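The end of the sequence shown is residue 144 by the working numbering, with every number in the run present. Note that beta-carbon positions come from the ideal geometry of N, C-alpha and C, so glycine has one too. Note that the coordinates shown come from a computational prediction; the quantities given were computed from them, not determined experimentally. Single-structure report; data block below.
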Amino acid sequence: MSSSVPKELHLLLDSAGALIVFQEKGATWAGVLAFSNEDKASEFCRISNLDAAEVAAILTDDHQAVAGLIASVKRRAIRNVLLDLDYKTGACTQIDFDGESFGPAVPRQFTPPAHR
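Structure representation (structure tokens):
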């Protein structure tokens with residue numbers, strides 16, 4: 029079952045202004061962490077203890093901005109967007125890149141981190 033891409037993606041940036049990505053253990057690729065709203069981004073940072081410096085938004089119907097984002101991250105072996113990754117459960121929506129735009133959005137399940 030495919031879901032839709034939200035109108036706006038909220039991306040996490042580190043203190044140097046670089047996008048924060050998620051790489052599954054053993055994988056050769058990574059995915060850009062993005063959230064459907066700023067509250068979900070902040071909640072992920074709080075629960076995961078991620079020290080993101082900033083949240084930046086991009087409109088998904090801004091084709092030039094989306095194409096620029098995809099072109100810049102593909103050079104870094106980043107192949108998709110991981111939307112609304114739930115740190116506790118590992119559930120998210122994976123949005124693959126389709127050329128210079130976003131492709132299908134499908135549910136994805138990662139193994140959640142071990143709780144101590």
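Among the options, which residue has its Cα nearest to the Cα of residue i?
i, options, result
"Asn77", "Ser32, Val134, Lys116, Phe125", "Lys116"
"Lys68", "Leu110, Leu97, Phe130, Ala133", "Leu110"
"Leu39", "Pro135, Arg103, Leu47", "Leu47"
"Ile75", "Trp57, Thr56, Asp114", "Asp114"
"Gly131", "Phe138, Arg107, Thr139", "Arg107"
"Ala58", "Gln122, Gly96, Ala85", "Gln122"
"Gly127", "Ala119, Thr139, Pro135, Val101", "Val101"
"Ile86", "Ala62, Asp124, Phe125", "Ala62"
"Asn65", "Glu36, Asp124, Gly118, Ser129", "Glu36"
Any idea if residue i is buried or exposed, counting beta-carbon neighbours within 10 angstroms, 16 or more meaning buried?
i, result
"Asp112", "buried"
"Ile98", "buried"
"Val33", "buried"
"Val134", "exposed"
If you follow the alpha helix (DSSP H) that residue i is in, where does it begin and where does it stop?
i, result
"Phe72", "66-76"
"Gly96", "91-102"
Output the boundary residues of the beta strand (DSSP E) element that contains residue i.
i, result
"Asp42", "That residue, Asp42, is in no beta strand (DSSP E); it is neither H nor E in DSSP."
I want to know whether the stretch 44-61 touches the stretch 87-96 - three or more CB-CB distances under 8 Å.
By the criterion of at least three beta-carbon pairs nearer than 8 Å, the stretch 44-61 is not in contact with the stretch 87-96.
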